[in-house]
Amino acid sequence: MSDLSLSIACWSYDRTRPIIDGRIQPTGINLKVDVMRPRIAFERMLNGDFDMSEMSFATLVSMKSEPNCPFVAIPVMLSKMFRHDAIYIRTDRGIRRPEDLADRRVGTMRFTSTALVYARGLLQHEYGVAPKDVHWFIGGIDHGIAPVMPLPIEPGLKITLLDKAQCLNDMLLNGDIDALISQDMPDGFRLGDPRVARLFPNPKDAEIAYYLKTGIFPVMHTIAIRNDVYDRNPWIAGAIYAAFNQAKDIALNGLYDTDALQMGLPFLIDHLEETRRVFGADFFSYGIDSNRAALAALCQYVHEQNMAAVRLSPEDLFVPV
């Protein structure tokens, strides 16, 4: 009997490359991998272009809270990332602490993206600045776009949609907004403009302290499988989960090589040893239990921010693997 042919879309991470290049193959599956930026994969998966795909976690939680969600998911956390470093401020507005963002004008592009959901949850639960305490400006970061109104929006939310002639980077530099939350680094900061700085001057220290306090290492992306594909062959969830775990282990174990550095980072070994001290040996773990704090937080934030009809639990999100 021949292997089952399936397609998947994902980005080229160190932890996906062993699957992309064929070193790891899911048992019983002939897997065709389409490599593309996550945002493109998300959109195309929503159109049913693939059997499986990397998927925005906030989008998945929102969809799973509604009847007839077209996807199931497996607890492969392809992307995890803290978002303290995604908050940028004008340096001349007296913003010294996260609490100073209350009553400010704050720009963002993808209001419902996972990164922004986590950032708003961070501000609300750690610093008391709720989304409704801020006036939001939605538009393009470094060039104008037609912004999409987030619907349904949280009651009491103040939102201004920009037109195509405006972009948030220019508005931050011109002083038309006081801060910007963006997973994409704005040109003003990237090019070293003195009018722009990060809210957290040393985000790494803030992120380590946050993790040690909360246990949250924010999960950005997971893997979604179309319901019709899963219903025909539910065993594929376990096969895909096992393959991605093997691929991740190959990538991360290979980094700890003192004979020859696997990446062009001079202090890679020191960084890995510090990471293990903070997060433990399995610092980029998959599965529910080791990610429970982050999963529960996102379920809470998506519900609080009116993006989910009900508050889900981590177990509500995934099929057995």
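The numbering of the sequence shown is my numbering, which starts it at 1 and goes up by one.
Yeah, the Cβ is synthetic: ideal placement off N, Cα and C, and Gly gets one too.
Closest Cα partner of ILE95 within the set PHE200, ASN245 and ALA41
PHE200
Helix, strand or coil for LYS164? Go by DSSP, reduced to three states.
coil
Measure the C-alpha to C-alpha separation of ASN30 and PRO234 and round it to an integer number of angstroms.
16 Å
Out of PHE50, ALA86, CYS299 and GLU99, state which residue places its alpha-carbon closest to the alpha-carbon of ASP34.
PHE50
Name the residue from PHE284, ILE20, TYR241 and THR59 whose alpha carbon lies nearest to the alpha carbon of CYS299.
THR59
In terms of residue numbering, what span does the beta strand (DSSP E) encompassing GLY107 cover?
105-108
Which runs of the alpha helix (DSSP H) spanning at least 4 residues fall entirely within the region 256-293, listed in chain order?
268-279
Whole angstroms are fine: how far does the CA of MET307 sit from the CA of ALA296?
15 Å
Residue burial classification, GLU99 (beta-carbon count within 10 angstroms, cutoff 16)
exposed
Identify, in the order they occur along the chain, each residue of the same chain with its Cβ nearer than 7 Å to the Cβ of ALA293, setting aside the five sequence neighbours on each side.
THR214, GLY215 and ILE216
Mind checking who SER5 pairs with in its DSSP beta bridge?
ASN30
Within the same chain, show all residues whose beta-carbon is closer than 6 Å to that of ILE24, passing over the 5 residues directly before and after it, in chain order.
PRO18, ALA243, GLN246 and ALA247
Give the range of the beta strand (DSSP E) segment to which TYR88 is assigned.
87-90
First and last residue of the uninterrupted beta strand (DSSP E) at THR222
219-226
Per-residue burial, ASN47 [other beta carbons within 10 Å of its own, 16 or more giving buried]:
exposed
Check whether the region 118-129 touches the region 62-74, counting contact only when three or more Cβ pairs, one atom from each stretch, lie closer than 8 Å.
no
Hey, how far is the Cα of SER182 from the Cα of ASP21?
32 Å
Quick check on ALA179: does DSSP put it in helix, strand or coil?
strand
For LEU122, report the span of its alpha helix (DSSP H) as first-last.
114-127
Could you check if TYR230 is buried or exposed, using at least 16 other CB atoms within 10 Å of its CB as the buried criterion?
buried
Going by beta-carbon coordinates alone, are ARG105 and ILE177 separated by less than 8 Å?
yes
Measure the C-alpha to C-alpha separation of ILE240 and SER79 and round it to an integer number of angstroms.
16 Å
Just to confirm, is the Cβ distance from TYR88 to PRO26 under 8 Å?
no
Integer-rounded CB distance, given that CYS167 should sit under 8 Å from GLY140:
5 Å
I'd like the span of the beta strand (DSSP E) that includes ALA73, first residue to last.
71-80
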